[in-house]
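For reference, the structure is listed below as structure tokens.
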Amino acid sequence: MDSLWVPLLLTLKVALWATALNLVLGVAVAFGLSRWRSHAREVADAILTLPLVLPPTVLGYYLLVLLGRRGVFGEWLDRLGIELVFTWQGAVVASTLVAFPLVHKAARAAFEAVDPQLESAGRVLGLREAAVFFRISLPLAARGITAGALLAFARAMGEFGATLMIAGNLPGRTQTLSVAIYAAVQAGDDRSAAIMVAVTSVTCVVALLLAGWLAPDHLRRSRP
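Put into structure tokens, the structure is as follows:
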């Protein structure tokens, strides 16, 4: 059973960390873009959405170029005592990058759906910009953001290519569930692979159902 529980717990840890980081980064970037009035906004949005369409191995290569020992930031990270390659933290970075567009796109759509008059009313009543964000904009966009976070969690649960390239396949250390499934199939252990596939599938289906229930479009369709 260790062949299931160890990678499952590691995968959950990686996915939760990646989702938490994406909630902070994705919401901040999405709010900024939703309020930015410039032709360059769509260019920035396209660049931020790239991880959704690029092959995971390409993202893994970029991460190695940037964060590897001989990478752009590798030497600087090494001086700080930070090691990401072949560590579970590297898997978090990979999963965060791959799942980021799901939070970003959902959060941006949610913020753009917020009635500007409500935010203006808050300013008229004396609220500062930070208070307007935390007391008006964020609560009204919360459902869309939560739906995006659930999608990002499901995507992080299934991340394979970028994780394998930067974190490797070290059992008990960096072997996530998707990598463990690959290793089990390669070793001919069909029973273990089938169990891990079932666990991953059920978890992702639950996350997708919750995301669909929380999505603003679902709420609008359900209204009489």
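Heads up, the working numbering is the position in the sequence shown plus 129, with the first residue counted as 1.
Glycine included, every Cβ here is placed at the ideal spot set by N, Cα and C.
Query, Result
"Beta-carbon gap between Val214 and Ala291 smaller than 7 Å", "no"
"Limits of the alpha helix (DSSP H) - the one that Ser266 falls within", "It is not in any alpha helix (DSSP H) - Ser266 carries neither H nor E in the DSSP assignment."
"Reference Leu162, options Leu269, Glu258, His233, Val135, closest by Cα", "His233"
"Where Trp165 sits in the DSSP three-state scheme", "coil"
"Limits of the alpha helix (DSSP H) - the one that Ala242 falls within", "Counting along the chain, Ala242 falls outside any alpha helix (DSSP H), and DSSP gives it neither H nor E."
"Cα-Cα separation, Thr178 to Phe229", "8 Å"
"Within the stretch 136-209, ranges of the alpha helix (DSSP H) (whole runs, at least 4 residues)", "169-178, 185-196, 203-208"
"Bounding residues of the alpha helix (DSSP H) (the contiguous stretch that carries Val308)", "306-316"
"Inter-stretch contact (C-beta, 8 Å, three-pair minimum) for the stretch 308-328 and the stretch 251-263", "no"
"Arg166, buried or exposed, once every other Cβ within 10 Å from all chains shown has been counted against 16", "exposed"
"Supposed close pair Ala281, Asn151 - CB separation, criterion 8 Å", "5 Å"
"Residue span of the alpha helix (DSSP H) that contains Leu293, given as start and end", "290-296"
"CB contact flag (Pro136, Gln304, <7 Å)", "yes"
"For Leu209, the nearest candidate out of Asp244, Arg272, Leu196 (CA to CA)", "Leu196"
"Buried/exposed call for Gly341, threshold 16 Cβ in 10 Å", "exposed"
"Own chain residues within Cβ distance below 6 Å of Ser307, not counting five before or after", "Gly287, Phe289"
"Beta-carbon proximity check, Gly219 vs Ile295, cutoff 7 Å", "yes"
"Distance between Leu231 and Leu337 (C-alpha atoms, nearest Å)", "12 Å"
"Three-way DSSP call (helix, strand, coil) for Leu339 in this model", "helix"
"Reference Val335; option with closest CA among Val314, Ala309, Leu279", "Leu279"
"Beta-carbon proximity of Ala239 to Ile274, cut-off 7 Å", "yes"
"Distance between beta carbons of Ala144 and Ala285, contact taken as under 8 Å", "4 Å"
"Nearest residue (CA-CA) to Ser330, options Ala316, Ile310, Val314, Gln315", "Ile310"
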